[in-house]
Amino acid sequence: MSKKHQTPLLDELKKGKWPSFVTEIERAAEKSEMTDDLLGQVEQSYKEKMGHWKHGGMVGVKGYGGGIVGRFSDLPEKYPGVKEFHTVRINQPSGFFYTSDILRKIVDVGDKHASSLYNFHGSTGDIQILGVKTSELETIFQQLVSFGFDLGGSGSALRTPSCCVGMARCEFANYDAMNMCYNITQAFQDEMHRPIFNYKFKFKFSGCGNDCTASIARADLSVIGTWKDNIRIDQDMVKEYAKKINLHKYVTGKCPTKCMSYDETGLKIDDSNCSKCMHCINVMPKALRPGVKGGVTILLGSKAPMVSGPRLSMVLVPFYDVAEDAKNGYQWFKDLIGKIWEFWDEYGVSRERVGELIQRVGIGNFLEAIGLEPLPEMVSSPRGNPFVLYEEYVEADGEKN
Amino acid sequence: MSKKHQTPLLDELKKGKWPSFVTEIERAAEKSEMTDDLLGQVEQSYKEKMGHWKHGGMVGVKGYGGGIVGRFSDLPEKYPGVKEFHTVRINQPSGFFYTSDILRKIVDVGDKHASSLYNFHGSTGDIQILGVKTSELETIFQQLVSFGFDLGGSGSALRTPSCCVGMARCEFANYDAMNMCYNITQAFQDEMHRPIFNYKFKFKFSGCGNDCTASIARADLSVIGTWKDNIRIDQDMVKEYAKKINLHKYVTGKCPTKCMSYDETGLKIDDSNCSKCMHCINVMPKALRPGVKGGVTILLGSKAPMVSGPRLSMVLVPFYDVAEDAKNGYQWFKDLIGKIWEFWDEYGVSRERVGELIQRVGIGNFLEAIGLEPLPEMVSSPRGNPFVLYEEYVEADGEKN
Amino acid sequence: MPDVSGTKRITDVGPHDYHDFLHPVIKNNYGKWKYHEILSPAHMVHVSETGDKIYSVRVGSPRLVSGSFIRDLCDLADKYSGGYLRFTTRNNVEFLLDKEENIEPLMNDIKKLNLPLGGIGNVVANIVHTQGWIHCHTAASDASGVTKALMDDLYEYYTDAKLPAKVRIAFACCLNMCGAVHCSDIAVLGIHRRPPKLLPDKIMNLCEIPSTIASCPTNAIRPDTYNGKPSVKIIEEACVFCGNCFTVCSGMPLSDPLNDGVSIWVGGKVSNARTKPSFSKLAVPYLENDPPRWPKVVEAVKTILDAYKNGAEKGERVGEWIERIGWPKFFNITGFKFTKYHIDDFRLGEATMNYSAQVRQ
Amino acid sequence: MPDVSGTKRITDVGPHDYHDFLHPVIKNNYGKWKYHEILSPAHMVHVSETGDKIYSVRVGSPRLVSGSFIRDLCDLADKYSGGYLRFTTRNNVEFLLDKEENIEPLMNDIKKLNLPLGGIGNVVANIVHTQGWIHCHTAASDASGVTKALMDDLYEYYTDAKLPAKVRIAFACCLNMCGAVHCSDIAVLGIHRRPPKLLPDKIMNLCEIPSTIASCPTNAIRPDTYNGKPSVKIIEEACVFCGNCFTVCSGMPLSDPLNDGVSIWVGGKVSNARTKPSFSKLAVPYLENDPPRWPKVVEAVKTILDAYKNGAEKGERVGEWIERIGWPKFFNITGFKFTKYHIDDFRLGEATMNYSAQVRQ
Ligand code: SRM
Ligand code: SRM
Ligand code: SRM
Ligand code: SRM
Ligand code: SF4
Ligand code: SF4
Ligand code: SF4
Ligand code: SF4
Ligand code: SF4
Ligand code: SF4
Ligand code: SF4
Ligand code: SF4
């Protein structure tokens, strides 16, 4: 297929060692006619230093309020192939695991009915088929469902949850993040597909404090593995490491709670003061392992900067015995989420994420409403100002007030 | 003199090993009639758990707007001795140094013309004569002046500056805090005695980062000694200390910038990374001394919590060569203060301390106004949110706007 | 492909059960992994309590890929890993092998496809990025282009583990920050620098005025009337060019070729290892858009990386290194100018001042 | 005393020149001190580059003292230190001696006066305190009384250096915090807990309504009218009992015997040594006023001190110790209850949450 548009600027980006998205668009253009016009429009953006997509546009499949991001060119005459160029978000499997068979099925759909361009994966976690015309949406959807894939989230809804590789291939996992992610996603299908929230809501599940899903930075609800008992130490292996690295400087010296010490007699850890940061285990994975009483810390509220500044998630539940609750279908967790959503629904305003709401109404009130106790684990330190809103005062007998 | 009032509650506070203020009040009452009624009124406060002073009351000496805190009992009939019970604030000498002669002169005045009760010293630094009647104010003032003492500050004025013992008796002093305090106080007598500010303004001068005047917590303008060159090390003495304390744990291990190391070859410091925290010098005063190129860091804005929360002072001038400026009568410093006050005068509102003003208008604007450059030393870290108010944008040729 | 038309419409099946995609060795050793060893920047082994091993070979991807790219991967997987592969949370590809002897031939085939091998350990990881001019309407810069230009230049940092610790770079094309740029070691962020234009007709017809006003972080939008109908006006001096008004109201576009560009941020992190997670901090307030290869952006990022590589201790993340040497020295070494824009004047900005006499002289 | 009446009125002489009060050894060695040595909790020596030495003997004072107390000090100074003495920034007295042999006799005489010797090194320093019921109109508690009760009980901590580091205790009788309680190792703070009473007549006649409204940190004061004249009302649910309105408007008193009391704060510091200066944090939200000896306050302070003494490493200030063991353990050891009042919900409160998975389990 010969190129419809001259793209001297984009061609520059075919050079260099890193695989080129321009080459990929060209390869896609070999499969799908519409994609050639994408090259043209993007080249024009490169020339003008400005995008050429119209603002928004509602499109979707029957019965769903989300899962598709509508996108229309503002130069449809010039680039008819991108006149409609929507994205289909497909909910990825837990841990981003695939077989070649299933991947081929997915790209068969996108190559035939769309631009043959994909994001593997979107920042939230979805597989994204780019460049879908409105008329193709239902077909694509039905074909995906036929081999067991469904749309992900978009709009004011639950967004596609995601998780790290966890127990599938990581010795640090303190709970079954992939299973929990799958179970929770299945349980809240309605909340994902039919936007009724004030704004988006995201879950991310990481097996340990390394947080390989970056959940603490970009999930309204971050679930991060931890443990209750002692770090398992193989003192012989510690000695091996000591031959190669200066443990004082690089291990015990960097422990945030200074709860470790090392000398000839071996490595000692005051586990009661260990904050499960993972550092020592990371450095000596053959010598140290998290304890066996795994669980999670549940944190709340992170998000991007709009409108009140970027947020990290803060501790809501210091330790939750997820293994125990898993036996029960994660019922305790689902109830907790239900209470959070209820509160958000009642008190939140449109486009207010749950973290912003809590900041607005006060964490104390929020905890009371969802039935959790205030705990010192929730704060990095107690208040340093004296403006305390004591809620009750005593009245003298017979005092009129 | 027999006691006029029964004070069973206060009597409890004459017990115990620590010297008792009740005993002191009783001793004062031996000298001054009015003081007996103080015991009575305070005993009543102890019984009722409530104070008995009226709200404020303006009193002063001719030509001064400050230096006296008016105080009136709300039970003047019952306790006529404390009907008027004002405080005279006397500007202490730099470093709180006295001779017995001069102290006797001061208490002669207070014993004769007031309650014979004193605060040595007030929290700002003044000597305070308590329990002065309005009619005695002028006499007391004139007598003080006669032997070279003056009133301190009160009201919306410059408050009595204070300083640590500094070079007079401390080897850590990096500049002459006592001299600077004296010079600046003398220079701004008018600002101290005639309240024309928006609110109070406090100076405190500490010779080093130990900040023995707590200037960083309670001075609008905190002047704290530091140095530019290397910490002076006596390696032999370091070895002596090493025999007694674990230098790795207690010295190098606690250095906030981790810029020190110790081994057989001695103590090494990367002075370019030393933040002059004083810790290592504090622990080994016989082995380490600050460098010889002394100067100060100037910090701005600390105060008590009203209205927007407690404040610490923040870095305004990372290094100021005060020794050089001293030769010039601290002119650079005085000019800087002048600019700060000018800005405060122009933009501050009533009862707004300078730290609050800067927060309200933005540090960038403030720096511009007083002619200082923004410096990374002023922040603990640069901004983490993207809401940057870029001040200029380019317009295309011929663009109408 | 089955013809599904006419059959009962099925919905809410949710994501595919992951069990169907797990390598047998992974299934058998699920939750039993004992330790891992990084064998090269491109492959590692995980060893189970049972003694079983799984090898992971990691390959870089531009993320925005064609169907053919995926098919190439599938072919490799069929040939060497029983068809099993996965993607990482940073869009790398991992082939999962139970046979050590397959590693080298797989790697050779990957090289033939000109795909980068690496990304494990103390490397510059694959850049997390967003849609840019390829697909988003609010983009102040392109995403894939800047990312490609950067990765071309940082290629050896991906394939060889030469750095003191992991370096996570992210790119987002507007302040919505769809990439996790607010907590990255190095972040490149597309920015506008000019208040929105007002298109009164659109505002009147398409926008809800109260929510438009509420969308502004600095209260720069005020009610106004236009031809007697409710509209808005903007206090230009208060606008921080965030684009949130445009998101809720299409009548307020911000894109402006002369003023759009990127800013650069440093020292954020996500992991809880050693230090707490933290935001990226402003390093370079503005660099103009300079397609196709954004040379100044590449240079600035390399300046940071070089300084970091030379200055940091083993195991120190970018932010940890800067905290240790201090921000003044960071600006000094990199030559970036510290300006009033670096001083946080937003909501919680006060908390970021240096309230101490700890100052390096 | 000279008769000054009739002479020209002299003003603005400023503070007395300190040179007149400096011990000759100090004058000669000004700026030349080389090192010091703490010889006991009550005395230390400073050694000059010239070889000269000055001994300082420190004595505790209740601060609120009689003229006779000062005369006692003067007599001792005349006898042993050439008449030279000073006060410290925490209201201790220091006799400055050039003769080592005078130290013991001086100390003996001090003991005869029942004054405490100590306060140097790792001690509980003299409590910085304020006026209280003795002299201030906004006091929610007494100052001297609580201080005396505490120091009686902590006496040995003053005279013997038994603590891991310096412990600075401060007391302030209201939220104006005239003692530096906001940055103390342990702070006791007088608090009200009931909104101001409104005395409409006073408000109308003595108060400026706009500045009264502006004085409220939480916007709890709203304009109102009383008998047709401008007055104010209070949104009780928003009042944090700070008393700032009373300071500017005498018609809004807060004192209330049934609800006034103290709160206890921990872990602040001022010095820049090791860690940056920091605020004291809320430990105990409320303890009732219990004169004359405030036993519960004394008990709470002792609980903190005991826990600190047992738990801290050498050289660790109270706040440094708590940061190392974590606040959960602090509350656990002391038995103080953590409540929602401990969570900062004021202006910058957000910055104090635990945004990490670093949690001790
Ligand atoms: C596709 C994706 C970027 C990518 O290239 O990967 C994306 C793309 C868009 N994001 Fe996003 N966001 C994507 C992940 C994120 C993330 C990261 C995450 O989820 O982990 C964030 C930051 C975390 C967060 O949620 O705060 C993110 C924060 C936003 C925001 C700001 C939300 C806020 O509360 O501050 C907006 C604005 C909005 O919602 O109106 C936004 C809005 C958008 C819109 C829908 C803008 C719009 O109004 O059209 C973009 C559609 C672009 C397109 O052409 O498809 N996107 N967005 C990501 C979703 C793919 C997926 O489903 O897997
Ligand atoms: C006497 C003294 C307390 C003491 O027992 O030592 C004192 C006593 C009063 N202070 Fe203070 N302050 C005293 C040092 C302080 C300090 C500490 C310091 O200066 O280092 C502070 C905290 C630092 C600061 O300035 O922020 C302090 C913060 C306040 C405030 C709150 C100011 C603010 O901006 O938040 C007020 C309220 C006011 O100004 O209206 C205040 C108001 C008062 C008043 C004038 C209350 C009043 O309206 O009558 C008190 C008079 C009491 C009396 O009976 O004399 N006092 N005041 C201290 C002055 C003695 C001296 O001159 O040496
Ligand atoms: C494969 C992946 C998980 C997944 O489900 O996909 C993963 C896998 C591993 N991570 Fe991770 N991390 C992965 C994303 C992350 C992220 C998220 C991100 O970058 O967006 C983080 C947080 C980054 C941050 O802090 O900003 C992350 C922070 C870590 C850390 C903590 C590093 C630190 O010291 O701060 C470790 C421990 C270490 O490397 O010593 C770690 C360690 C590991 C180990 C060694 C765990 C193990 O035993 O298997 C894995 C290989 C390490 C490697 O790649 O060098 N992983 N890891 C992700 C690979 C991304 C990629 O392709 O580059
Ligand atoms: C006399 C006095 C200065 C004055 O001009 O009056 C003074 C004198 C000394 N201070 Fe101080 N400090 C004095 C108030 C302070 C204050 C202010 C306060 O407490 O209100 C502080 C800040 C307290 C804080 O951080 O909250 C203070 C923090 C220090 C420190 C830092 C301690 C730390 O590790 O945080 C040192 C260094 C040390 O002790 O190792 C120090 C060291 C010293 C040395 C050793 C300096 C020297 O070489 O002479 C002096 C004797 C120490 C001692 O008392 O143990 N001085 N010192 C003050 C005595 C107050 C008192 O009577 O108790
Ligand atoms: S978050 Fe922890 S458990 Fe999950 S992949 Fe990363 S290191 Fe492994
Ligand atoms: S996990 Fe972190 S806190 Fe715990 S011992 Fe290891 S380094 Fe210390
Ligand atoms: S602040 Fe420094 S110079 Fe001044 S007395 Fe304290 S330790 Fe000495
Ligand atoms: S003064 Fe402080 S920062 Fe400097 S070397 Fe000593 S301990 Fe380190
Ligand atoms: S960062 Fe902004 S421009 Fe880029 S994809 Fe997200 S919303 Fe669109
Ligand atoms: S761009 Fe942002 S700051 Fe500017 S007017 Fe719009 S919402 Fe307000
Ligand atoms: S703290 Fe409050 S009550 Fe005590 S002296 Fe200061 S202003 Fe008066
Ligand atoms: S006491 Fe404080 S919070 Fe309450 S009304 Fe008065 S100023 Fe407002």
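Chains as they are written, first to last, in my numbering: chain A, 1 to 401; chain B, 1001 to 1401; chain C, 2001 to 2361; chain D, 3001 to 3361. Idealized CB from N, CA, C, for every residue including glycine. Note that the structure is predicted; figures quoted are calculated from it, not measured.
Closest to MET167 of chain A by CA distance: which of C:CYS2178, C:SER2215, C:VAL2047, C:ARG2347 is it?
C:VAL2047
Counting along the chain, where does the alpha helix (DSSP H) carrying GLY70 of chain A start and finish?
For GLY70 of chain A, there is no enclosing alpha helix (DSSP H), as DSSP marks it with neither H nor E.
Which residue wins for smallest C-alpha separation from ILE3209 of chain D, given the options D:PRO3217, D:PRO3195, D:ASP3224?
D:ASP3224
Would you call the CB atoms of VAL2270 of chain C and CYS2178 of chain C closer than 8 Å?
no
Along the chain, where does the beta strand (DSSP E) containing GLU3094 of chain D start, and where does it finish?
3093-3097
Mind checking if LEU2305 of chain C is an interface residue toward chain A, Cβ cutoff 8 Å exclusive?
no
Answer yes if the region 1370-1382 of chain B comes into contact with the region 1222-1234 of chain B, meaning at least three C-beta pairs across the two stretches below 8 Å, and no otherwise.
no
As an exercise, report each continuous beta strand (DSSP E) stretch of at least 3 residues that is fully enclosed by the region 3201-3248 of chain D, in chain order.
3221-3226, 3229-3234
Which bits of chain D does ALA396 of chain A rub up against, with CB to CB less than 7 Å?
LEU3258
Is GLY1125 of chain B near ligand 4, with its Cβ less than 7 Å from a heavy atom?
no
For chain A, check one thing: does any of its Cβ atoms lie closer than 8 Å to the Cβ of PRO1285 of chain B?
no
Below 8 Å, how does it come out for the region 1332-1345 of chain B and the region 1278-1292 of chain B: are there three or more Cβ pairs, yes or no?
no
Apart from the five residues on each side of it in sequence, which residues of its chain come closer than 8 Å, Cβ to Cβ, to ARG3222 of chain D?
ILE3213, VAL3232, LYS3233, ILE3234, ILE3235
Any Cβ of chain B within less than 8 Å of the Cβ of GLY2349 of chain C?
yes
With a threshold of 16 other CB atoms inside 10 Å of the CB of ASP1397 of chain B, please say whether the residue is buried or exposed.
Exposed: under 16 other Cβ atoms inside 10 Å.
Is the number of C-beta pairs between the region 78-89 of chain A and the region 29-49 of chain A that are closer than 8 Å three or more?
yes
Could you tell me whether any non-hydrogen atom of ligand 4 is closer than 7 Å to the CB of VAL1165 of chain B?
yes
Return yes when the C-beta of ASN1273 of chain B is under 7 Å from any heavy atom of ligand 12, and no when it is not.
Flag unset: Cβ of ASN1273 of chain B not near ligand 12.
Determine the extent of the alpha helix (DSSP H) in which PHE1343 of chain B is found, giving its start and end residues.
1331-1347
ASP455 of chain A CB to nearest chain D CB: under 8 Å?
Given a span of 1 to 401 for chain A in the structure shown, any question on residue 455 of chain A remains unanswerable.
Thinking GLN92 of chain A and PRO2015 of chain C are a contact (beta carbons under 8 Å), I'd like their distance in whole angstroms, please.
Between PRO2015 of chain C and GLN92 of chain A the Cβ distance is about 7 Å, and since that is below 8 Å, they are a contact.
Should PHE172 of chain A be counted as a contact of ligand 3 given a C-beta to heavy atom distance under 7 Å?
yes
Just reading off the alpha helix (DSSP H) that PHE1201 of chain B is part of, what are its end residues?
Segment: none, PHE1201 of chain B is in no alpha helix (DSSP H) and carries neither H nor E.
Please state if the CB of VAL322 of chain A and the CB of VAL296 of chain A are separated by a distance shorter than 8 Å.
The answer is yes: Cβ separation under 8 Å.
Rounded to whole angstroms, how far is the Cβ of LYS1202 of chain B from the Cβ of ARG1218 of chain B, which I believe are closer than 8 Å?
7 Å
Determine whether the Cβ of SER2356 of chain C lies closer than 8 Å to any Cβ atom of chain D.
Yes, SER2356 of chain C lies at the interface with chain D (some Cβ there is under 8 Å from its Cβ).
Can you name the residues of chain C whose CB is closer than 7 Å to the CB of TYR1393 of chain B?
ARG2193, ARG2194, ASN2259
If you reduce the DSSP assignment to three classes, tell me which class ASN119 of chain A lands in.
strand
Assuming PRO402 of chain A and ILE184 of chain A make a contact with CB atoms under 8 Å, what is their CB distance in whole Å?
Given a span of 1 to 401 for chain A in the structure shown, any question on residue 402 of chain A remains unanswerable.
For the pair the region 3145-3157 of chain D and the region 3286-3295 of chain D, tell me if three or more CB-CB distances fall below 8 Å.
yes
Check the Cβ-Cβ distances between THR2317 of chain C and every residue of chain A, and say whether any is below 8 Å.
What sits at residue 2317 of chain C in the sequence shown is Arg, not Thr. Cβ-Cβ to chain A under 8 Å: no for ARG2317 of chain C.
Residues of chain A with a CB under 8 Å from the CB of LEU2022 of chain C: which are they?
PHE97, ALA168
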